[in-house]
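Reading through the structure tokens given below for one structure.
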């Protein structure tokens, strides 16, 4: 089972492990963090208080007591309900092939995979293997729309108008259009806890970074730059390349 989001997050973390300056984005050419002093205060609260005392213990309990098949099924389900919006966003980009793949995944997994809990599509055809869902914010990035101001939100983390407000458009499409506020919040919480559980083994590596704020900010932008470009960020010489490859292999192993 592949978790594309975790793979991309870890790739970004490793790529930025030696960076100590603000990133300039190839897609937009901007680096907007005018609220850095305020952002650092919120980041300190999130990183040094909220995460170690609430989020991390919750992720530990989740990983230790929820069976893997249940975790996989829940993440498959939340990914499946994002397939229709991914299809629409790829059509907006003029990419009917990718839109068709997401349509086929949704059709097969919904009808034959217990509503999406089982990833039947990946089993049926390697071309239908699970991909990162296409959010409207990334589609805006594809057309070189700027991120806007970077803000760190309490309990949420990094936020930009393009990515995070842009994703509200995705909730206009079926089945999100049927969701209540509580259903949307439950999906967000489930995905957040699962993502944190997958990153538990790399906590020490993250804590060794000289400036965690810059580290996470750079990771945020590199991740979404990757999604907008449909390609990996350009990386200069990195002495940790072997470690990157090893960790990517680990994550790809069921």
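Residue numbers (this note's numbering): 83 to 336. Glycine is no exception: its CB is placed at the ideal position from the N, C-alpha and C atoms. Because the structure is a prediction, the values reported are computed rather than measured.
Rounded Cβ spacing between residue i and residue j (contact assumed at less than 8 Å)
{"i": "residue 165", "j": "residue 188", "result": "4 Å"}
{"i": "residue 167", "j": "residue 258", "result": "7 Å"}
{"i": "residue 266", "j": "residue 253", "result": "7 Å"}
{"i": "residue 306", "j": "residue 245", "result": "6 Å"}
{"i": "residue 277", "j": "residue 138", "result": "So it is not a contact: roughly 12 Å between Cβ atoms."}
Distance CB(residue i)-CB(residue j) smaller than 9 Å
{"i": "residue 142", "j": "residue 282", "result": "yes"}
{"i": "residue 272", "j": "residue 157", "result": "yes"}
{"i": "residue 135", "j": "residue 295", "result": "no"}
{"i": "residue 311", "j": "residue 223", "result": "yes"}
{"i": "residue 198", "j": "residue 219", "result": "no"}
{"i": "residue 169", "j": "residue 185", "result": "yes"}
{"i": "residue 234", "j": "residue 121", "result": "yes"}
{"i": "residue 303", "j": "residue 229", "result": "yes"}
Distance between residue j and residue i (C-alpha atoms, nearest Å)
{"i": "residue 172", "j": "residue 238", "result": "27 Å"}
{"i": "residue 216", "j": "residue 292", "result": "33 Å"}
{"i": "residue 144", "j": "residue 176", "result": "40 Å"}
{"i": "residue 204", "j": "residue 196", "result": "14 Å"}
{"i": "residue 190", "j": "residue 182", "result": "12 Å"}
{"i": "residue 370", "j": "residue 119", "result": "Outside the shown range of the chain (83 to 336) lies residue 370, about which nothing can therefore be said."}
{"i": "residue 208", "j": "residue 131", "result": "43 Å"}
{"i": "residue 159", "j": "residue 269", "result": "10 Å"}
{"i": "residue 288", "j": "residue 149", "result": "27 Å"}
{"i": "residue 154", "j": "residue 201", "result": "9 Å"}
{"i": "residue 193", "j": "residue 180", "result": "20 Å"}
{"i": "residue 227", "j": "residue 116", "result": "19 Å"}
{"i": "residue 301", "j": "residue 243", "result": "17 Å"}
{"i": "residue 261", "j": "residue 251", "result": "13 Å"}
{"i": "residue 221", "j": "residue 240", "result": "19 Å"}
{"i": "residue 264", "j": "residue 308", "result": "31 Å"}
{"i": "residue 206", "j": "residue 280", "result": "26 Å"}
{"i": "residue 178", "j": "residue 236", "result": "38 Å"}
{"i": "residue 102", "j": "residue 127", "result": "Interpretation of residue 102 is limited by its pLDDT of 34, a score under 50 that renders its predicted location unreliable; the figure taken from the coordinates is listed afterwards. Distance between the alpha carbons of residue 102 and residue 127 is about 21 Å."}
{"i": "residue 290", "j": "residue 133", "result": "16 Å"}
{"i": "residue 286", "j": "residue 174", "result": "41 Å"}
Where residue i falls, given that 16 or more other Cβ within 10 Å makes a residue buried
{"i": "residue 37", "result": "Given that the chain is displayed from residue 83 to residue 336, the structure contains no residue 37 and the question cannot be resolved."}
{"i": "residue 152", "result": "exposed"}
{"i": "residue 124", "result": "buried"}
{"i": "residue 349", "result": "Given a span of 83 to 336 for the chain in the structure shown, any question on residue 349 remains unanswerable."}
Run of the beta strand (DSSP E) containing residue i, from where it starts to where it stops
{"i": "residue 234", "result": "233 to 235"}
Host alpha helix (DSSP H) of residue i (start-end)
{"i": "residue 248", "result": "Per DSSP, residue 248 belongs to no alpha helix (DSSP H) and is neither H nor E."}
{"i": "residue 241", "result": "Here residue 241 belongs to no alpha helix (DSSP H); instead the beta strand (DSSP E) covers 239 to 241."}
{"i": "residue 223", "result": "218 to 224"}
{"i": "residue 146", "result": "138 to 147"}
{"i": "residue 160", "result": "150 to 162"}
{"i": "residue 193", "result": "178 to 194"}
{"i": "residue 200", "result": "Note, residue 200: premise wrong, no alpha helix (DSSP H); not H, not E."}
{"i": "residue 169", "result": "165 to 174"}
{"i": "residue 127", "result": "118 to 127"}
{"i": "residue 302", "result": "294 to 311"}
{"i": "residue 274", "result": "263 to 280"}
{"i": "residue 212", "result": "Run containing residue 212: none; DSSP gives neither H nor E here."}
{"i": "residue 288", "result": "285 to 289"}
Chain D within 9 Å of residue i, Cβ atoms only
{"i": "residue 222", "result": "Going by chain labels, chain D is absent from the structure shown, which holds only one protein chain."}
beta-carbon residue i near the ligand GTP non-hydrogen atom, thresh 8 Å
{"i": "residue 202", "result": "Annotation note on the ligand GTP: not contained in the displayed structure, which lists no ligands."}
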